[in-house]
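Below: one structure, written as structure tokens.
Residue numbers (the numbering used here): 367 to 588.
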């Protein structure tokens, strides 16, 4: 098949993102790996951070996408917590393709379990706490307006919101890894942020409207 985006990350990568709150305090480290072949991509990450409910936890994310001539779309998303007294996890799978595709989802927080099955549009983008989840929606060149699937902070239940995107062009940007030529995007709606990526679409910086930031602080080939 024809690769919908030949400049996208084309070899295994791994690295670290550092997460900062609006006060500039370092609140989390995210260790990640990214794998890809011609029509498949997977991002695995582990984020250790103090969550919204006052109990430190480690969150593990795994997101898979499939490619076609229109771009990249979700295949599956798995997220769970570790070293946590209350079990929290979620699994989101897309079954089928095109107009017949469906989302099959289940999520759990302790004894509370939810399930959902519904029609799925390839213009829906799942967003997690990891910048890696932004790779696919940023490359949806034919759509400036998407639908974002976000997860609840406590139970990972699904929420939907509009996500608008426009280009900020190419600039030289200062990053923790030095000056980099970067491509910028402004996101509005489900996420209000400026995201700057390198030539392979790997996010270098995510700067949110509330002042919080996520910075790429280490990267290497796999």
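Heads up, the beta-carbon is just placed ideally off N, CA and C, and yes, glycines get one too. Since the model is a prediction, treat every value here as computed from it, not as a measurement.
The stretch 515-558 contains, as complete beta strand (DSSP E) runs of 3+ residues, the segments 524-541, 544-555 (chain order). Where residue 469 is concerned, there is no enclosing alpha helix (DSSP H), although the beta strand (DSSP E) around it starts and stops at 468-475.
Separation of residue 389 and residue 492 (C-alpha to C-alpha, rounded to the nearest whole angstrom) is 27 Å. Counting the other Cβ atoms within 10 Å of the Cβ of residue 527 gives fewer than 16, which makes it exposed. Between the beta-carbon of residue 442 and that of residue 458 there is about 7 Å, and that keeps the pair under the 8 Å contact cut. Our two residues, residue 444 and residue 428, have alpha carbons roughly 5 Å apart in a direct line.
Between the beta-carbon of residue 385 and that of residue 561 there is about 14 Å, and that puts the pair past the 8 Å contact cut. Within a 10 Å sphere around the beta-carbon of residue 407 sit 16 or more other beta-carbons, which makes this residue buried. In the structure shown, residue 496 adopts coil according to DSSP, grouped into three states. Of the residues 570, 452, 564, 547, the one whose Cα lies closest to the Cα of residue 477 is 452.
For residue 504, the secondary structure class from DSSP, reduced to helix, strand or coil, is helix.
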